[in-house]
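Participant: Protein chains in written order, with this note's numbering: chain R, 3 to 183; chain C, 3 to 183.
Got a structure here, written out as structure tokens. Questions coming.
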DNA sequence: CCTCACATGTAATGAGTTACATGATTGG
DNA sequence: CCAATCATGTAACTCATTACATGTGAGG
């Protein structure tokens with residue numbers, strides 16, 4: 003999968019500017035598929051415009067800089083469907099945090115604790131983000147399945163981390179550390 | 003994290019050739035951190051040899067081509083510890099399968115089923131692989147934590163997938179499909 | 001005035017993958 | 001003899017990231 007396909011997917015959901023696509027990928031409804039930066043999104047949009055997969059219109063909202071809003075065309079929908087049908091690259095459960103955990107005995111206790119709490123925070127943040135998206139998702143839509151999957155996996159990870167704190171020789175953190183929940 | 007650090011980690015565990023490192027990353031004890039192909043492993047080894055982080059010896063086992071077995075040096079251990087201490091890139095739960103699932107209504111039922119069963123097979127394969135590794139891991143080692151994490155996450159994913167089959171409009175597959183369990 | 005959020009884009013760089021190139025040895 | 005596994009390595013290429021470059025308007 004590439005950034006072009008990701009953009010098509012987002013535009014199939016709703017019209018958006020390059021900036022809005024970035025936000026959706028960073029934080030929003032499309033945060034759990036692949037990464038994309040401005041440096042890949044804008045060129046992808048330009049190329050797809052040339053290919054006829056998307057169209058643009060300029061929109062000016064008072065009090066904001068004008069933006070280029072892209073819409074997917076029927077050619078774009080065809081391309082998306084085609085891209086969806088090539089067997090996706092297999093997923094990979096890969097984690098740099100786990101690599102650090104593997105060498106727990108080579109890390110200072112402080113650093114191990116930092117890595118652990120960092121991962122914890124990450125897991126909670128992702129879970130909160132998914133719960134937020136879940137409210138906007140229509141019942142029966144693909145988003146519901148995707149969010150459910152994410153929740154199941156993140157909750158299992160959090161539960162295991164909680165349980166394994168002692169195994170790594172870590173004390174539970176002080177009461178007021180993560181007030182987000 | 004990069005391939006150099008990955009290689010150092012593997013060599014900290016035991017001496018290995020480039021070929022053996024590839025196997026460990028593909029299938030073995032080091033399968034859940036980052037990817038690495040021959041095209042990145044061999045150059046990494048060459049570079050680290052020049053840096054003094056590893057040493058080589060040639061080994062010939064009768065009936066097999068000779069191989070270059072690398073060992074980590076004390077300089078290499080220092081480099082590994084240093085690399086471990088720079089805050090790792092944050093993990094990302096990203097999945098191309100989920101992207102396909104998101105557009106379930108744009109896929110043919112056959113293709114959706116194929117993607118779903120492919121993911122299922124992948125999850126079971128990974129889980130089996132971890133269970134295999136678990137037997138070689140020493141109690142209390144980082145491997146135990148890592149394998150536990152992987153198991154927890156994969157089991158949650160499998161459980162959710164099983165539960166969600168109906169939600170995607172899929173029937174359970176025929177009895178004899180995945181005889182591995 | 002300054003900073004932040006909004007908004008678009010390009011060029012250099014980097015870190016890897018893929019494909020290529022080669023070769024030994026075993027087993028069918 | 002041929003395919004598979006073991007084994008090492010390089011060069012071209014891909015694709016995205018990072019840093020750069022620019023500009024608007026709101027709010028403190």
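C-beta: ideal position from N, C-alpha, C; glycine also.
Keep in mind that this is a model prediction, so the values were computed, not measured.
Look at the alpha carbon of residue 52/R and the alpha carbon of residue 7/R, and state the distance between them as a whole number of angstroms.
Facilitator: Counting from one through the first chain, the residue named residue 52/R turns up at place 50. Counting from one through the first chain, the residue named residue 7/R turns up at place 5. Straight-line Cα distance between these residues: approximately 15 Å.
Participant: I want to see whether chain R comes within less than 7 Å of residue 118/C, judged by CB atoms only; does it?
Facilitator: Your numbering for residue 118/C matches position 116 in the second chain. Chain R, which has no Cβ nearer than 7 Å to the Cβ of residue 118/C, makes this no.
Participant: So with CB distances below 9 Å, who are the chain C contacts of residue 43/R?
Facilitator: For the purposes of this step, residue 43/R is taken as residue 41 along the first chain, with counting starting at 1. None at all; the shortest Cβ gap to chain C is about 16 Å.
Participant: If you follow the alpha helix (DSSP H) that residue 36/C is part of, which residue opens it and which one closes it?
Facilitator: For this step, residue 36/C is matched to residue 34 along the second chain. Taken as a continuous stretch (DSSP letters only), residue 36/C belongs to no alpha helix (DSSP H), as it is neither H nor E.
Participant: Do the segment 148-166 of chain R and the segment 10-18 of chain C touch if we need at least three Cβ pairs shorter than 8 Å?
Facilitator: In short, these stretches do not touch, since the Cβ pair count stays below three.
Participant: Straight-line CA distance for residue 150/C to residue 115/R?
Facilitator: Within the second chain, the letter at position 148 stands for residue 150/C. Within the first chain, the letter at position 113 stands for residue 115/R. Roughly 18 Å separates the two Cα atoms.
Participant: If residue 108/R sits next to residue 97/C, beta carbons under 8 Å apart, how far is it from one beta carbon to the other, in whole angstroms?
Facilitator: The residue given as residue 108/R occupies position 106 in the first chain. The residue given as residue 97/C occupies position 95 in the second chain. Not confirmed; about 31 Å, so no contact.
Participant: In this structure, how does DSSP classify residue 20/R when only helix, strand and coil are distinguished?
Facilitator: Counted from its first residue, the first chain places residue 20/R at position 18. If DSSP states are grouped into helix, strand and coil, residue 20/R belongs with the helices.
Participant: Could you check the C-alpha separation between residue 42/C and residue 5/C for me, to the nearest Å?
Facilitator: The residue labelled residue 42/C in the question sits at position 40 within the second chain. The residue labelled residue 5/C in the question sits at position 3 within the second chain. Each residue's alpha carbon lies about 7 Å from the other.
Participant: Taking only beta carbons into account, state which residues of the segment 121-136 of chain C come closer than 8 Å to chain R, listed in chain order.
Facilitator: Against chain R - using a Cβ distance shorter than 8 Å - the residues of the segment 121-136 of chain C are 121, 124, 128.
Participant: Using the DSSP secondary-structure output, state which residues sit across from residue 77/C in a beta bridge.
Facilitator: Reading the second chain from its first residue, position 75 is the one you call residue 77/C. For residue 77/C, which the question treats as bridged, DSSP gives no partner whatsoever.
Participant: At the level of alpha carbons, what is the spacing between residue 90/C and residue 120/R?
Facilitator: Within the second chain, numbered from 1, the residue matching residue 90/C stands at position 88. Within the first chain, numbered from 1, the residue matching residue 120/R stands at position 118. Each residue's Cα considered, the two are about 10 Å apart.
Participant: Just the Cα atoms here: how many angstroms apart are residue 67/C and residue 72/R?
Facilitator: Counting from 1 along the second chain, the entry for residue 67/C is found at position 65. Counting from 1 along the first chain, the entry for residue 72/R is found at position 70. Computed Cα separation, rounded: 57 Å.
Participant: So, does the CB of residue 155/R fall closer than 7 Å to a CB anywhere in chain C?
Facilitator: Sequence index remark: in the first chain, residue 155/R carries index 153 (1-based). Closer than 7 Å: yes.
Participant: Please identify the residue among 143/C, 10/C, 102/C, 140/C whose C-alpha is closest to the C-alpha of residue 82/R.
Facilitator: In the first chain, residue 82/R corresponds to position 80, counting from 1. Nearest of 143/C, 10/C, 102/C, 140/C to residue 82/R, Cα basis: 102/C.
Participant: Can you name the residues of chain C whose CB is closer than 8 Å to the CB of residue 162/R?
Facilitator: Taking the first chain and counting its residues from 1, one reaches residue 162/R at position 160. By Cβ distance, chain C contributes 150, 151, 154, 155.
Participant: Please report how far the alpha carbon of residue 29/R lies from the alpha carbon of residue 128/R, in whole angstroms.
Facilitator: By 1-based counting over the first chain, the position of residue 29/R is 27. By 1-based counting over the first chain, the position of residue 128/R is 126. So the alpha carbons of these two residues sit roughly 9 Å apart.
Participant: What did DSSP end up calling residue 94/C once you bin it into helix, strand or coil?
Facilitator: For the purposes of this step, residue 94/C is taken as residue 92 along the second chain, with counting starting at 1. Looking at residue 94/C - three-state DSSP - the assignment turns out to be coil, as it is neither helix nor strand.
Participant: Using CA coordinates, which residue listed in 57/C, 158/C, 33/C, 69/C is at the minimum distance from residue 148/C?
Facilitator: Against the second chain, residue 148/C aligns to sequence position 146. Residue 148/C has its Cα closest to that of 33/C, out of 57/C, 158/C, 33/C, 69/C.
Participant: Under 7 Å between C-beta atoms, does residue 34/R make it to chain C?
Facilitator: Sequence index remark: in the first chain, residue 34/R carries index 32 (1-based). By this cut-off, residue 34/R is an interface position.
Participant: Residue 71/R by DSSP, collapsed to three states: which one?
Facilitator: As a working note, residue 71/R is residue 69 in the first chain. Here residue 71/R sits in strand by DSSP.
Participant: May I ask which residues mark the beginning and end of the beta strand (DSSP E) holding residue 169/R?
Facilitator: The residue labelled residue 169/R in the question sits at position 167 within the first chain. Unbroken run through residue 169/R: none, as it is neither H nor E.
Participant: Taking Cβ to Cβ, would you say residue 58/C is nearer than 7 Å to residue 78/C?
Facilitator: Taking the second chain and counting its residues from 1, one reaches residue 58/C at position 56. Taking the second chain and counting its residues from 1, one reaches residue 78/C at position 76. Their beta carbons are not under 7 Å apart, which means residue 58/C does not touch residue 78/C by this criterion.
Participant: Could you spell out where the alpha helix (DSSP H) holding residue 88/R opens and where it closes?
Facilitator: Your numbering for residue 88/R matches position 86 in the first chain. Counting along the chain, residue 88/R falls outside any alpha helix (DSSP H), and DSSP gives it neither H nor E.
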